[in-house]
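Chemist: In the UniProt record's numbering, the protein residues as written are 1 to 278. Sharing a structure below in structure tokens format, with a few things to ask.
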């Protein structure tokens, strides 16, 4: 990300686990740190401990991490133009969480180490404490903490298996979810997918009960778009969650959808009617 001229921050901390104190590091990349608000793309980069010692975690969560990095790399020219534009208050921010998986058994204490720490830290970190911040963002008086700058948080998890099914989990971000539904429909209509798809369903599931890295931020009022398949992939938490069981056409199709979502959200100056831009 430094090669692409993003600002990198490392949220380093230690926390108590069933195996004693462990060190964790959340990685945060911000396109334009001076922008008032952020569209956040996020995933976790840690892998689950397994008795065999060979668990890779391809869907959980290497593929989501790779997708986010590829979005930043492939849209680099347009994102840089957006960064230097004065017409938008919103920038792109990427968060790679450490410590999502439980060490022993999933519980409030043994899971989500990284996201719990970062949400707590950003909720306490005051915003608009400098003259420059007040000059640039003083018109947004409702923003008091760093967490208030998160306009929406998109969390990607368990991606890469063939033919996933996604649903809208939260009413406040259903309009964003509907954008993704329309993007998929448009790509199918233009024959720009590797095969006809229907990953994103219009059905609503407001329970939002899947525990994941969004929960600490959801509890502090951040709008959440949780992109996780229902049901989970068959390889979930198995040693077979590896490269051999990643379905490349599905992965490529999802990457196109997410890329266009970012382009539309940030109003990037790019013509998406040509397949070479995808």
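Every residue gets a Cβ at the ideal spot worked out from N, C-alpha and C, and that includes glycine. In this text, all values refer to a predicted model and were calculated from it rather than measured experimentally.
1. Given a cut-off of 8 angstroms, decide if residue 169 and residue 100 are closer than it, judged by their beta-carbon atoms.
2. Which same chain residues, not among the five before or five after residue 203, have their C-beta less than 7 angstroms away from its C-beta?
3. Would the region 173-188 and the region 205-225 be scored as touching if the rule is three or more Cβ pairs under 8 angstroms?
4. Can you tell me which of 151, 198, 164 puts its alpha carbon nearest to the alpha carbon of residue 234?
5. Comparing alpha-carbon positions, which option in 179, 61, 151, 59 lies nearest residue 38?
6. Do three or more CB pairs link the region 22-32 to the region 210-220 at distances below 8 angstroms?
7. Under the three-state reduction of DSSP, which class applies to residue 266: helix, strand or coil?
8. Going by DSSP in three states, residue 103 sits in which element: helix, strand or coil?
9. My output table needs one value for residue 78: the three-state DSSP class, helix, strand or coil.
10. If you follow the beta strand (DSSP E) that residue 114 is in, where does it begin and where does it stop?
11. Just tell me which of 97, 23, 7 has its CA closest to the CA of residue 13.
12. Please look up how many angstroms separate the CB atoms of residue 112 and residue 213, rounded, as I've assumed it's under 8 angstroms.
13. Over the uninterrupted alpha helix (DSSP H) stretch that includes residue 131, give me the two end residues.
14. With a threshold of 8 angstroms, are at least 3 pairs of Cβ atoms found where one atom belongs to the region 175-193 and the other to the region 78-91?
15. Going by DSSP in three states, residue 43 sits in which element: helix, strand or coil?
16. Cα separation between residue 131 and residue 145?
Modeler: According to the data block:
1. no
2. 167
3. yes
4. 164
5. 151
6. no
7. helix
8. coil
9. helix
10. Careful: residue 114 lies outside any beta strand (DSSP E), inside the alpha helix (DSSP H) at 113-124.
11. 23
12. 6 angstroms
13. 131-137
14. no
15. strand
16. 16 angstroms
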